[in-house]
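See structure below.
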Amino acid sequence: MDITALKQKVLKAHDSQVQLAQNLAKIGYNSPRGKLLRLKSYYLEGFTILKAWRDFLYIRKENIGDTFFAVDHAIMHADHAQVKKLMQTEPQVRSNDLGIIRIIDPSYMLNHPLSLGTNGKEHKGIRAIFSQALPDPFDHAEALGQYVNRFLSESTKQDQLHIGDDLPRFMVKILHHLVFDLSLSEAEVTASRGYIKGLPLASLPKFITKTLLASKTGPITKHRKQLTQRYQTSPKWAVYEDIGKQYGLNADQIANGLFDMIHIAGTAGTSALMGSVIGVLCLKDTLRADVLQEINTLWSDTEILTGDCLRQATLLNTVILETARLYPPVRFVSQLATEAGEVEVGAQKCPFQKGTRLLGSIFTANRDANRYDNPDSFSVDRDFSDLLSWNGDGHERTCPGKSLSIELIKVFCMYLFTQYQWKQFTDVKWDFEKVTAVTPNDLVLQGFTAKT
Ligand code: HEM
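Heads up: take any position in the sequence shown, counting from 1, add 436, and you land on my numbering.
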């Protein structure tokens with residue numbers, strides 16, 4: 437669709453959302469009709485976002501302002517100050533949403549809410565298990581290095597490293613190894629990839645996922661069931677179960693929480709960011725040379741990789757943070773309004789109801805010109821103290837995998853750029869249209885070998 441037609445469509449749909457605010461105030465937000473109307477706008481706008489997510493956001497931001505309605509009549513916040521404030525709200529009330537995606541068919545997720553959708557004691561319990569399960573990367577630098585090196589060395593056999601295919605496979609494997617001490621077969625890794633790719637299917641009603649799409653969803657749910665049962669054979673399981681018991685969590689809740697942590701948060705997010713960092717370093721010759729110099733000063737490949745090497749790799753650290761600012765793997769955060777109120781949207785005041793979804797758009801907030809100078813250009817000289825990409829810092833919903841994901845990407849780059857080489861690489865392109873991971877998915881390092 438050309439941009440003028442898209443603009444008309446996106447703005448016209450917003451007019452309907454403004455009208456919907458008045459209607460919901462009359463008919464009730466959660467009345468059967470209210471629910472139906474919200475679901476209708478969710479699917480209508482969802483299809484546009486699936487194909488043109490960045491244009492959708494910027495058309496509304498530029499023509500309406502930093503606060504507007506979107507999808508299921510959620511209130512979207514698009515600037516840095518508002519998104520930061522939203523992230524810091526405590527306690528946060530969540531529903532079963534994955535960013536912008538509403539999990540309409542919980543049976544697809546085996547009736548377990550995502551950890552993101554848990555509240556109160558359940559959320560505290562699953563967070564306590566996450567923090568037990570995720571190792572401190574600084575204490576495990578050597579082991580992480582060995583694992584990364586083994587993976588890269590195996591990739592030389594296929595003569596290439598494919599960013600969109602190989603990095604998620606790597607993340608699924610290493611996280612199962614770290615969290616459960618389990619090795620996954622290649623077939624299990626492929627099935628796990630299928631689960632991640634199929635996540636948006638959970639936004640369809642049960643009668644569609646269970647009937648029309650049964651051939652797609654059946655194998656995915658079967659894989660989830662099998663893997664969560666395997667987790668309970670892990671040598672680390674007893675510790676997780678003990679913590680869970682203290683918070684009233686049963687074995688299913690624990691296994692499914694860890695399954696989601698590994699697959700959705702850990703694998704999808706980290707492989708996307710790792711791919712973007714590799715893409716940035718492939719494109720920027722001077723920056724890559726400076727990063728290489730830093731690594732070579734800190735670490736020679738004959739020495740053991742230590743936590744101190746990772747701590748001192750400050751340039752590589754800022755490259756990762758700046759890449760996460762420009763290409764945040766998680767683009768939206770979601771919570772619910774605890775009170776009804778009134779919101780200023782464009783020039784109008786609109787009523788909203790208790791339970792309305794409040795969305796924060798990390799992508800637009802990270803490129804807010806009021807917070808970052810020349811927000812669309814890459815610079816390692818920024819103040820990253822309130823970077824939003826990992827859901828901020830120091831509050832109940834901050835990403836628990838922040839440190840592990842950053843240090844793992846560091847270790848990966850340290851090995852990749854000093855001990856491996858490639859003859860050429862294909863185009864480095866980020867897709868800002870289709871709502872897939874923001875990473876150069878098609879980038880391939882061809883003629884991939886170990887340096888001699
Ligand atoms: C080892 C890798 C990672 C693991 C294990 C991990 C784990 C998690 C978990 C379990 C949550 C849910 C927290 C909760 O419900 O309180 C979460 C949230 C989040 N993570 Fe991560 N994560 C990882 C990597 C990343 C990366 C690379 C990014 C982006 C740069 C990221 C961004 C976020 C954000 C924005 C949230 C908040 C989502 C929301 O509240 O809706 N994570 N992460």
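Quick reminder that beta carbons are idealized off the backbone N, C-alpha and C, glycines included. Computed from a predicted structure; not experimentally measured.
Non-local beta-carbon contacts of S712 in its own chain, meaning distances under 6 Å to residues more than five positions away in sequence, involve T759, Y763, T875 in chain order. A distance of 8 Å or more separates the beta carbons of V529 and R496. Selection L794, L640, F574 evaluated against Q518 yields L794 as nearest (Cα-Cα). By the neighbour-count criterion, in which 16 or more other beta carbons inside 10 Å mark a residue as buried, S707 falls on the buried side. In the structure shown, the three-state DSSP call for S770 is strand. The beta-bridge partner set that DSSP reports for H513 consists of T503, G796.
Counting the other Cβ atoms within 10 Å of the Cβ of G630 gives fewer than 16, which makes it exposed. Per the C-alpha coordinates, the member of K865, P787, W866 positioned closest to V454 is P787. DSSP links P765 through a beta bridge to no other residue. The alpha-carbon separation between I679 and H559 amounts to approximately 13 Å. Bridge pairing for Q860: Q882 [DSSP].
At least one heavy atom of the ligand HEM is found less than 7 Å from the C-beta of H559.
With a cut-off of 8 Å on Cβ pairs, the segment 486-493 is in contact with the segment 869-885, counting three or more such pairs. Counting along the chain, P787 sits inside the beta strand (DSSP E) bounded by residues 784-788.
Annotated as distal: R747 and F853, with beta-carbon spacing of 8 Å or more. Annotation for L663: the continuous alpha helix (DSSP H) segment containing it runs 650-667.
The continuous alpha helix (DSSP H) containing Q458 extends over residues 439-463. For H559, there is no enclosing beta strand (DSSP E); the residue is found in the alpha helix (DSSP H) stretching over 556-569.
The ligand HEM has a heavy atom closer than 7 Å to the beta-carbon of W826. The Cβ neighbour count for P671, taken over all protein chains shown within 10 Å, is under 16; the residue is labelled exposed.
P542 and H659 have their alpha carbons spaced roughly 16 Å apart.
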